[in-house]
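J.:
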Amino acid sequence: FRFRIGINLGDLIVDGEDFYGDGVNMAVRLQALAGPGGIACSAAVRHEIGNKLDLGFSDQGDRRVKNISHPVHVYFADWGGGAAAGAGQRTMPGLRPAKPSVAVLPFANMSNDPEQEFFSDGITEDIITDLSDVSGLFVLSRHTVFAYKHRAQDLERIAGELGVEFVVEGSVRKAGNRVRINTELTEGATDGHIWAARYDRDLTDIFAVQDEIATTIVRQLKVKLLPEERKAIEQAPTANVDAYTHYLRGREYYHIASRANHLMARQSFVRATELDPRYARAYAGIAICDVRLQSNYGTGISVDDILATAEKALAIDPKLPEAHAARGFALALALRREEATAAFETALAIDPDNHEANRYYAEFCVTTGRFEMAAKLFIRATEIKPSDYGSPLMLINVFRSLGDENKAQSYARMAIRKAEEELRLHPENANCACLGATVLAYLAETERAAEWLARALATDPGDLNIKYNAACTYALLGEAERAIDLLEAWVPLVGAEMRLWFHNDSDLDGIRDHPRYQSLASLAGGIQSDREK
Numbered sequence: 003f004r005f006r007i008g009i010n011l012g013d014l015i016v017d018g019e020d021f022y023g024d025g026v027n028m029a030v031r032l033q034a035l036a037g038p039g040g041i042a043c044s045a046a047v048r049h050e051i052g053n054k055l056d057l058g059f060s061d062q063g064d065r066r067v068k069n070i071s072h073p074v075h076v077y078f079a080d081w082g083g084g085a086a087a088g089a090g091q092r093t094m095p096g097l098r099p100a101k102p103s104v105a106v107l108p109f110a111n112m113s114n115d116p117e118q119e120f121f122s123d124g125i126t127e128d129i130i131t132d133l134s135d136v137s138g139l140f141v142l143s144r145h146t147v148f149a150y151k152h153r154a155q156d157l158e159r160i161a162g163e164l165g166v167e168f169v170v171e172g173s174v175r176k177a178g179n180r181v182r183i184n185t186e187l188t189e190g191a192t193d194g195h196i197w198a199a200r201y202d203r204d205l206t207d208i209f210a211v212q213d214e215i216a217t218t219i220v221r222q223l224k225v226k227l228l229p230e231e232r233k234a235i236e237q238a239p240t241a242n243v244d245a246y247t248h249y250l251r252g253r254e255y256y257h258i259a260s261r262a263n264h265l266m267a268r269q270s271f272v273r274a275t276e277l278d279p280r281y282a283r284a285y286a287g288i289a290i291c292d293v294r295l296q297s298n299y300g301t302g303i304s305v306d307d308i309l310a311t312a313e314k315a316l317a318i319d320p321k322l323p324e325a326h327a328a329r330g331f332a333l334a335l336a337l338r339r340e341e342a343t344a345a346f347e348t349a350l351a352i353d354p355d356n357h358e359a360n361r362y363y364a365e366f367c368v369t370t371g372r373f374e375m376a377a378k379l380f381i382r383a384t385e386i387k388p389s390d391y392g393s394p395l396m397l398i399n400v401f402r403s404l405g406d407e408n409k410a411q412s413y414a415r416m417a418i419r420k421a422e423e424e425l426r427l428h429p430e431n432a433n434c435a436c437l438g439a440t441v442l443a444y445l446a447e448t449e450r451a452a453e454w455l456a457r458a459l460a461t462d463p464g465d466l467n468i469k470y471n472a473a474c475t476y477a478l479l480g481e482a483e484r485a486i487d488l489l490e491a492w493v494p495l496v497g498a499e500m501r502l503w504f505h506n507d508s509d510l511d512g513i514r515d516h517p518r519y520q521s522l523a524s525l526a527g528g529i530q531s532d533r534e535k
């Protein structure tokens, strides 16, 4: 006979010969999802294994399971596939979702301007969103499929790795006010073509093209489209294509965390609202940028103004999770903690899979010393967005604060892998290089830490985030004076939320007994953390 196996990485409570806890409950639920002879594991297990074993995994996305409050990101292990050798991987019998399963791969940018990449990415994301609204389909998340961006497209292999039956791929060529979109639906197991189309349209028709692609895919897969689902697909985020373009550009700028990029992102979002005063997502984008600029860089934007922008987004779309998350972040800046918590909880109640809500709520929990909650939220953010290099790095701090060095080491290794991939794609990302230097210093890889830090400082020496993380790196390397030199210049310039982070950051534990640090901690104000008492 054949076993079903569920594997999770989590804490256990041992009582004599009995053991229990959330980690055990999760493993039991994972076991129920596996097919006969199959292995189902959590995202934490998948990330910890990495490429260490000759083992393939198929991403099954988020599943809701009994007695677990949040969706669980599930992977099925293919222990007979030979993934390390790059061979096509098989998915074990009984492991596929009951619904037709689809992966929409990132559409290629065929425009002459490489900076138009954000536009093709935006079209991909919108098609994923439209298909995800169809209850009769199982659609992989944006963050899962974007791991295949800029990779050779062996569709049969990719379908096997992702555990899906169907793959959508395409390309976008934008020239002036014209756009050409090629798209194709393929059966993953055979690489057989099911449907293909080319759309040559005016740019103003872009939303109609996206709707047509989504509804045609649904029809080709013989899935019933409910009236409310059709309405959701046909509801465009804005009627103004120029506003849409500026919004997409703003998101691209925001991806690389720096003062200059956040200012450019804000400018793009503002332009989007000028073109369409009812563009809720653009107002939420402005609010998020303003929170980062005020908190991380001390920019003179009042909390009341940020809250007003978030409220404007919510007045247009009360169910926009990123607007609730922005409001929570702004309330955190004002130290209105109960209201901030309520706003973050509302965002997650609307969409538990919203990356921004999980990530920002986790950061807020660190500043208030709620490290166990922060750990759950950062882990969830990592599961939702596998390319997120920041969350595993934050988990080092969180688990060190909880006294769990084993988990801190595990997430440090994950953070470096993700940071290396991010720098491969965006070598100009100084924030990533500096955060990576901090991780390398924690792992006692002194020479590499110094190299990454030098790279970050050479790229953007004036950025306050870079200065803070450089101080953390120096503190971990035992160079207290250099760390405090940077912190003394940093503390007077940042907002209250970042000062609270400073009080709770485990990277600085090695210098807290230094007289200069203690003077600086008094200057920073705020609530003293347990590690400073």
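Sequence positions in the sequence shown follow my numbering and run 3 to 535.
Ideal placement from N, C-alpha and C gives every residue a C-beta, glycine not left out.
#1: In the DSSP assignment, the beta strand (DSSP E) including I7 goes from what residue to what residue?
#2: So the candidates are T217, T311 and V104; which of them puts its Cα closest to the Cα of A328?
#3: Any beta carbon from chain B within less than 8 Å of H326's own beta carbon?
#4: Between which residues of its own chain and E423 is the CB-CB distance below 8 Å, once the five residues before and five after are set aside?
#5: Buried or exposed, going by whether 16 or more other CB atoms sit within 10 Å of the CB of L527?
#6: Taking only the alpha-carbon atoms, compute the straight-line gap between K321 and E347 and give it to the nearest angstrom.
#7: Assign T370 to one of three DSSP states: helix, strand, or coil.
#8: Which term fits R221, buried or exposed, when burial requires 16 or more other beta carbons within 10 angstroms of its beta carbon?
#9: Tell me which same chain residues have a C-beta within less than 7 Å of the C-beta of E254, skipping the five on either side of it?
#10: Which ranges would you report for the beta strand (DSSP E) in the segment 39 to 80 if only whole runs of at least 3 residues count?
#11: Taking the alpha-carbon positions, what's the A325 to D353 distance?
#12: If you follow the beta strand (DSSP E) that T206 is part of, which residue opens it and which one closes it?
#13: Quick check on DSSP: helix, strand or coil for E167?
#14: Report the option in F401, D465 and N431 whose CA atom is closest to the CA atom of D509.
#15: Can you grab the Cα-Cα spacing for the pair A191 / I41, in whole Å?
#16: Decide if L55 is buried, meaning its Cβ has at least 16 other Cβ atoms within 10 Å, or exposed.
#17: Report buried or exposed for N506, applying the criterion of at least 16 other Cβ atoms within 10 angstroms of its Cβ.
#18: For the 8 Å Cβ check, are there 3 or more pairs between the segment 207 to 216 and the segment 232 to 239?
#19: Which value, in whole angstroms, describes the spacing of the CA atoms of G90 and G162?
#20: So what does DSSP say about H264, is it helix, strand or coil?
#21: Grab the span of the alpha helix (DSSP H) containing T343 for me, first residue to last.
#22: Take A439 and list the residues in its own chain whose beta-carbon comes closer than 6 Å to its own, dropping the five residues that flank it on each side.
#23: Answer yes or no: do G497 and S297 have a C-beta to C-beta separation smaller than 8 Å?
#24: Determine the direct distance from the alpha carbon of A282 to that of A315, and round the result to whole angstroms.
#25: Quick one: which unbroken alpha helix (DSSP H) runs of 4-plus residues sit fully inside the segment 308 to 335? Chain order, please.
#26: Residue range of the beta strand (DSSP E) that R280 falls in?
T.: By the coordinates alone:
#1: I7 to I9
#2: T311
#3: Note that chain B does not occur in the displayed structure, where there is just one protein chain.
#4: Taking E423 as the centre and dropping the five residues before and after it, the same chain places the C-beta of S389 and Y391 closer than 8 Å to its C-beta, in chain order.
#5: Checking the sequence shown, residue 527 turns out to be Gly, not Leu. It counts as exposed.
#6: Distance from the CA atom of K321 to the CA atom of E347, rounded to whole angstroms, is 13 Å.
#7: coil
#8: exposed
#9: F120
#10: Those beta strand (DSSP E) runs which fall completely within the segment 39 to 80 and span 3+ residues are 41 to 44, 58 to 65 and 74 to 80.
#11: 12 Å
#12: Unbroken run through T206: none, as it is neither H nor E.
#13: coil
#14: Comparing C-alpha distances from D509 to each of F401, D465 and N431 shows the shortest one belongs to F401.
#15: 21 Å
#16: L55 sits exposed, since fewer than 16 C-beta atoms from the chains shown fall within 10 Å of its C-beta.
#17: buried
#18: yes
#19: Reliability of the predicted coordinates at G90 is poor, the pLDDT of 34 falling under 50, and no value is obtained from them.
#20: Residue state, collapsed to three classes: helix.
#21: Element bounds for T343: R339 to I352.
#22: Excluding the 5 residues flanking it on each side, A439 has same chain C-beta neighbours closer than 6 Å at A451, W454, L455 and T475, in chain order.
#23: yes
#24: 4 Å
#25: 323 to 335
#26: Taken as a continuous stretch (DSSP letters only), R280 belongs to no beta strand (DSSP E), as it is neither H nor E.
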